[in-house]
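Residue numbers (the numbering used here), protein chains in the order written: chain A, 1 to 428; chain B, 1001 to 1428; chain C, 2001 to 2428. To keep things clear, I will list the structure first and then write my remarks on it.
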Amino acid sequence: MNGQDMYKLAQRLFPIPRSITGKGVRDSLAIIKEYVPELEIHETPTGTQVFDWTIPQEWEINEAYIEDSKGNRIIDFAEHNLHVLGYSEPIDKYVSLEELLEYVYVDEARPGAIPYVTSYYKKRSGFCMSKNQRDSLKQDTYHMYIDSKLKDGFLTYADVVIPADSEHPKGKEIYFSTYICHPSMANNECSGPCLMVALIDAVKKMKNRKYDYRFYIGPETIGSINYLAHNLKTLQDKMAAGFVLTCEGDNRVYSYIPSREGDTLADRVALNVLKHHSKDYLRFTFLDRASDERQYCAPGVDLPVCCVCRSRCAGYPEYHTSDDDLTVISPEGFDGSLQVYTKIINALEYNENYKVTCFCEPQLGKRGLYPTVSKRGSYDEVAAMRHLIAYADGKRDLLQISEKIGQPIDVLIPVIDRMLSESLFEIV
Amino acid sequence: MNGQDMYKLAQRLFPIPRSITGKGVRDSLAIIKEYVPELEIHETPTGTQVFDWTIPQEWEINEAYIEDSKGNRIIDFAEHNLHVLGYSEPIDKYVSLEELLEYVYVDEARPGAIPYVTSYYKKRSGFCMSKNQRDSLKQDTYHMYIDSKLKDGFLTYADVVIPADSEHPKGKEIYFSTYICHPSMANNECSGPCLMVALIDAVKKMKNRKYDYRFYIGPETIGSINYLAHNLKTLQDKMAAGFVLTCEGDNRVYSYIPSREGDTLADRVALNVLKHHSKDYLRFTFLDRASDERQYCAPGVDLPVCCVCRSRCAGYPEYHTSDDDLTVISPEGFDGSLQVYTKIINALEYNENYKVTCFCEPQLGKRGLYPTVSKRGSYDEVAAMRHLIAYADGKRDLLQISEKIGQPIDVLIPVIDRMLSESLFEIV
Amino acid sequence: MNGQDMYKLAQRLFPIPRSITGKGVRDSLAIIKEYVPELEIHETPTGTQVFDWTIPQEWEINEAYIEDSKGNRIIDFAEHNLHVLGYSEPIDKYVSLEELLEYVYVDEARPGAIPYVTSYYKKRSGFCMSKNQRDSLKQDTYHMYIDSKLKDGFLTYADVVIPADSEHPKGKEIYFSTYICHPSMANNECSGPCLMVALIDAVKKMKNRKYDYRFYIGPETIGSINYLAHNLKTLQDKMAAGFVLTCEGDNRVYSYIPSREGDTLADRVALNVLKHHSKDYLRFTFLDRASDERQYCAPGVDLPVCCVCRSRCAGYPEYHTSDDDLTVISPEGFDGSLQVYTKIINALEYNENYKVTCFCEPQLGKRGLYPTVSKRGSYDEVAAMRHLIAYADGKRDLLQISEKIGQPIDVLIPVIDRMLSESLFEIV
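In structure tokens form, the structure reads like this:
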């Protein structure tokens, strides 16, 4: 799958009205399962206690609008699913402009956009519109109408494990997590699942995978908490490195948000790859966390999870508004994310402690690995190889060597293959 | 006690002629005991061996002056007690100007001030005056007169321990040390004891103190060596953090002088508090030490003691001259030092390893700790709380968390109180 | 031996045609043995396996030239021994200009100089000349003539150990390694052996040496590999610090090339000395290694060896060309290197963990170590002494204290002697 394919999938997912539970999530996962037949769908019932949280009811919404006294629909949920405050209770009421405004949410800082607003933990009814539209409303009698209901049901999520296929599997997992719970937003919603589908496709095609690869998708926050509540021990036992996929479709500079300690294998490989892939990537701190790394890195959970994305979640102008539409993402943006994560996966698969099998420098000349005419500069022609050998002491892993010698992993991989085939390296 | 009160006490202490032993110290301690009735006065006899040192004799001085041939008193000890070389032997001699100058000490770099000069370890007689005055002396016959005597006696010092009053006392002490041994100098002498009196007053009023608080006052260098010789094991066993109080009354930028290793609890709390209290504080190294941290941090003693002051001791222009008078210090200067040390004490009392009691983020919404309407920016409104929770892993203490999340301790204290009352935190 | 003496020795060594084995090395070592009678000469036979390498044959060359059709010698080995490709096979052939050029090596970047080129691991015949000369050659018939032969023989090298002479020898060695294998090049060949001879002379004159001093000289790369193959265990057991001597005769800024980890005693003393000796020294990384530190620091060998030189080997414009002649080096250049290594040796000999024998500061006054008149500034007059005492905790070695207090070792050595004689310091 390439960037074009990912973009097309995003176009299919974008219009579906989603919330943290219910039909929107189910419909979205059904589309994804078309691409990933191995995907397993799971459901957790309303009311289930998951750590400090409780699985909420499903929110069903059929219709919602505001009409003026002439019957013109000022806003209509059918036109844009951000027009209703998430989790709104039903309402059917004729009100003055003054009263209406108590039910209306706008984003003052982005006057042309409909904001994304929810009220999960206090019962409310409400509507969202652009500040510009609100400011243009005239004195009138308005009809507020929401046909919604909250009912017991399930929280729906999915996962799949693509197992290792090498002769010597590591018995460890690489983990990818993304979310599906927001209404029509493109970068901060659809982009993560689209990249995940492409990564599953790529992993399935890899030969000699040493790692198992686990992919999870569900609602943000409550979904990852639920997944952790059901799988904490497995994840803690098996995860070697994990990544939150979010905001992967725009074509801006790359961003890195570390795990809580910032020193896990996930962090190390992310930083190593980003540094060589793009000089101007942005390095954030855990204080800038905004997505499910909040749960994976919480005290007691302590999983090695970080986030590599394009624009940082919560850090770009269209975030959580109707402006986060299909123009924000692009095939090029997706391709960049896919390249980075492909390099991350390759680096992880090759990240061993290599040890040179002889004392002193090996004699490269007799193996045809050194220029036969030795003159000023000969030595530098094979610098990456010689530096790799010089640090292959069995104590450092490949990522550490790469940092030390300033050479990207993808330059070192062919050298490693050659050294292994010459029996000059062994894996410790 | 506030800055005004401290300044008034400084005015009382300033005129007393002090040396490292004898009446001046006794009179000064008697005044301090008026404010701190619990203070215990101790005396160590002349000749007592304390580590590599010996308790010296008491120096008694009744009168000292230089008269010209017409009987005019050029300088008079009664007028300013810096006019005599500290520890001078008696003299009664008529001399030419040339010979007189062999007995006269001036500070060439500060021509208008009388310098503070002593000769503890070689027997001398001498006088101090301003360079300007010395340069104006004419040919004449001068009468040098000092009525002093050295006699066996005592080194006098005082201490007090204000015990913890919480249900779970830590059994550890916070230590404060200051000195009283210089003649009339305001910042580099009187300011330390005045701040100490205010701190004792504040500590006595604190509720639920977990720590014991020990306060010591005596002559600089020989006094702290003597105190260590008598109390080394207790201090080493019990001291959690200690601070040398010196030069606390001027209103210039704050200074920090670390302990020898610079990594003790005292250092950590001092740096944390200063950073947030005043952006332009000066951070010195142990090479800049000048007061009793020299003894507390000596090899083998190794106590966790640093120094937080206003102008660094030995580092301001009026230091060790008659210009270090009551105009150098001010109620505002004292108030600043008191604020800083109050923050230090509060930070120490709250500096525990807190651990969040649930896996993943706690559900703040249901406890009224998160905005019920969730929109762009909601998350940032409670940043200090969320960051504190995210790092409350039981492995870091509060100071480490404060450093990590960039929030001052006094902002975190109310959050901690709330988390404890919600049972979301436990103390490890 | 001073710089002049070293320069004179370099003049003797310069003209000898050398290769990695054979007569040139033997003749050079014979000259060196005149200065160091203790030197032991060793030989390893052709064909001996040393780790991943094999001792090569000896290359004997008697005559080599190119003549034009009129019998003019275009180049002649007798005139400059760089004119022949190192390890050339015999040839005796009349060729056109076009064919001749296939046998000619030049340095395009340095058009006036004859480059130093070898072909150890593929059999070739070849000539080296300046680019300018090559470009001036006209169409003609040329006679290429090389009278050389490869024959079984030996690799020749030498070493000597000057033992400790103190009452309490450390049983550890300081190691110096240099090489002798290049034809006429002055800085990147002759300078190392010359400095080594001067160091042997200096070490023999030192009193109370605590360390043994081992000196090795042989061909670069294959020589040190051979030496390691024969002495690895001894070197690993005994070496405290080692140094590669190369490019020690020019008068440019000093250079430091670290060991692989950069944290050995050799690295620490080198950096400490260089920092105080010359502010503008160049600090390289192990990626810039170019001489036998490549072998000493290889994985599994792991010896504490770094390199302190003037111009970095492989990093100066005349390197590996005929321009690296006796004008590149100078008595002044040699003197600088000798000074630095003398300071390194002194620092190593004094590098103990000193511990002050009393609690708190010692009373310096009664020992005449502190000004008897104490006034502003007295304290700073003895700063180096006081700082040394303050950090003499028995946990830091002298190098660490020097770093901490910013004082060069040669300033501290007399203080240490005094402290030891006063019994204020003990060696831990």
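Ideal placement from N, C-alpha and C gives every residue a C-beta, glycine not left out.
Point to revise | Val2036(C) versus Gly2086(C), Lys2233(C), Lys2149(C) and Cys2194(C), residue with shortest Cα-Cα distance | key: Of the candidates Gly2086(C), Lys2233(C), Lys2149(C) and Cys2194(C), the one whose C-alpha sits nearest the C-alpha of Val2036(C) is Cys2194(C).
Review point. If you draw a straight line from the alpha carbon of Ile2225(C) to that of Asn1272(B), how long is it in whole angstroms?
Key: So the two alpha carbons sit approximately 54 Å from each other.
Check your understanding: For chain C, is any of its Cβ atoms less than 7 Å away from the one on Gln400(A)?
Key -> For Gln400(A), not one C-beta of chain C is nearer than 7 Å to its own C-beta.
Review point. Does the segment 2301-2314 of chain C come within contact of the segment 2238-2253 of chain C, defined as at least 3 CB pairs closer than 8 Å?
Key: Output reads yes: the segment 2238-2253 of chain C touches the segment 2301-2314 of chain C.
Exercise for review: From the DSSP output, in three-state form, read off Cys1306(B) for me.
Suggested key: In this structure, Cys1306(B) counts as strand in the three-state DSSP scheme.
Check your understanding: Closest Cβ-Cβ distance between Cys2358(C) and chain B: below 7 Å?
Key -> Any Cβ of chain B closer than 7 Å to the Cβ of Cys2358(C) would place that residue at the interface, and such an atom is present.
Practice item. Give me the Cα-Cα distance between Ser166(A) and Leu199(A), rounded to the nearest whole angstrom. Key: Whole-angstrom Cα-Cα distance: 19 Å.
Point to revise | Bridge-paired residues (DSSP) for Met430(A) | key: Limits of chain A in this structure are 1 at one end and 428 at the other, which puts residue 430(A) out of reach.
Practice item. Specify, as a first and last residue, the run of the beta strand (DSSP E) that Val1095(B) falls within. Key: First-last of the beta strand (DSSP E) with Val1095(B): Ile1091 to Ser1096.
Practice item. Taking 7 Å as the cut-off, decide whether the C-beta atoms of Asn353(A) and Val428(A) are in contact. Key: For Asn353(A) and Val428(A), yes; Cβs fall inside 7 Å.
Point to revise | Candidates Lys2172(C), Arg2026(C) and Glu2426(C), of which the one nearest Leu2265(C) by Cα | key: Of the listed residues, the one whose Cα sits closest to Leu2265(C) is Lys2172(C).
Check your understanding: Taking just the CA atoms, how far does Pro2331(C) sit from Gln2004(C)?
Key -> So the two alpha carbons sit approximately 5 Å from each other.
Point to revise | Check whether Thr2021(C) and Glu2058(C) have beta carbons under 7 Å apart | key: Going by C-beta atoms, Thr2021(C) is nearer than 7 Å to Glu2058(C).
Practice item. Measuring alpha carbon to alpha carbon, tell me which of Pro115(A), His277(A), Tyr216(A) and Lys355(A) ends up nearest Tyr319(A). Key: Measuring from the Cα of Tyr319(A), the nearest candidate turns out to be Pro115(A).
Check your understanding: Nearest to Ser2378(C) by alpha carbon, out of Glu1403(B), Ile1061(B) and Val1117(B)?
Key -> If we check each option's Cα against that of Ser2378(C), Val1117(B) comes out closest.
Point to revise | Member of Leu412(A), Tyr391(A) and Lys375(A) whose CA lies at the smallest distance from the CA of Ala2109(C) | key: Taking Ala2109(C) as reference, the option from Leu412(A), Tyr391(A) and Lys375(A) with the minimal CA-CA separation is Lys375(A).
Exercise for review: Please work out which residues of its chain come closer than 8 Å, Cβ to Cβ, to Ile1222(B), disregarding the five sequence neighbours upstream and downstream, and give them in chain order.
Suggested key: Close CB contacts of Ile1222(B) within its chain, under the 8 Å cut and outside five residues either way in sequence, are with Ile1020, Val1050, Trp1053, Ile1055, Pro1056 and Leu1155 (chain order).
Check your understanding: Does the beta-carbon of Tyr94(A) have 16 or more other beta-carbons within 10 angstroms, so that it is buried, or is it exposed?
Key -> So Tyr94(A) counts as exposed.
Check your understanding: Where are the alpha helix (DSSP H) runs, 4 residues long or more, that stay fully inside the segment 2010-2058 of chain C, in chain order?
Key -> The alpha helix (DSSP H) runs of length 4 or more contained entirely in the segment 2010-2058 of chain C are, from start to end of the chain, 2023-2035.
Practice item. For the segment 2083-2102 of chain C and the segment 2143-2158 of chain C, state whether three or more C-beta atom pairs, one from each stretch, are separated by less than 8 Å. Key: Yes, they touch.
Check your understanding: So, are the CB atoms of Ser1311(B) and Cys1247(B) less than 7 Å apart?
Key -> A contact, by the Cβ cut-off of 7 Å.
Check your understanding: Taking the Cβ atom as the reference point for each residue, do Lys1204(B) and Ile1162(B) lie within a distance shorter than 7 Å?
Key -> A contact, by the Cβ cut-off of 7 Å.
**Study point:** Straight-line Cα distance separating Glu2426(C) from Leu2412(C)
**Key:** Cα to Cα, the separation comes out at about 15 Å.
Point to revise | Where Arg1376(B) falls: helix, strand or coil (DSSP) | key: Three-state DSSP puts Arg1376(B) in coil, outside helix and strand.
Review point. Do we get a CB-CB distance below 7 Å when we pair Ser1952(C) with the residues of chain B?
Key: Outside the shown range of chain C (2001 to 2428) lies residue 1952(C), about which nothing can therefore be said.
Exercise for review: Rank Tyr350(A), Lys238(A) and Leu399(A) by C-alpha distance to the C-alpha of Arg209(A) and give the top, closest one.
Suggested key: When C-alpha distances from Arg209(A) are compared across Tyr350(A), Lys238(A) and Leu399(A), the shortest belongs to Tyr350(A).
Point to revise | 7 Å Cβ cut-off: residues of chain A touching Glu1361(B) | key: By Cβ distance, chain A contributes Arg294, Gln295 and Ala298.
Review point. Under the three-state reduction of DSSP, which class applies to Glu361(A): helix, strand or coil?
Key: Of the three classes helix, strand and coil, the one that applies to Glu361(A) here is coil, per DSSP.
Check your understanding: Quick one: Cα of His1277(B) to Cα of Lys123(A), how far?
Key -> When the Cα atoms are used, His1277(B) and Lys123(A) turn out to be separated by approximately 43 Å.
Review point. At least one CB of chain A closer than 7 Å to the CB of Arg2118(C): is that the case?
Key: The sequence shown places Thr at residue 2118(C), rather than the Arg named in the question. Yes, its Cβ sits closer than 7 Å to a Cβ of chain A.
Review point. Are the C-beta of Lys2122(C) and some C-beta of chain A separated by less than 7 Å?
Key: Cβ-Cβ to chain A under 7 Å: yes for Lys2122(C).
Exercise for review: Please name the residue or residues paired with Thr2118(C) in a DSSP beta bridge.
Suggested key: DSSP output for Thr2118(C) lists Ser374(A) and Gly2086(C) as bridge partner(s).
Exercise for review: Kindly say whether Trp1053(B), judged by its beta-carbon, lies nearer than 7 Å to any beta-carbon of chain C.
Suggested key: Contact of Trp1053(B) with chain C is assigned, a C-beta pair being separated by under 7 Å.
Point to revise | Segment contact, 8 Å Cβ cut-off, at least three pairs: the segment 2127-2134 of chain C with the segment 2063-2078 of chain C | key: Verdict: yes, contact present.
Exercise for review: Following the continuous beta strand (DSSP E) through Tyr1211(B), name the residue where it begins and the one where it ends.
Suggested key: According to the DSSP assignment, Tyr1211(B) belongs to no beta strand (DSSP E), since it is labelled neither H nor E.
Review point. Is the Cβ of His1320(B) closer than 7 Å to any Cβ of chain C?
Key: Yes, contact with chain C.
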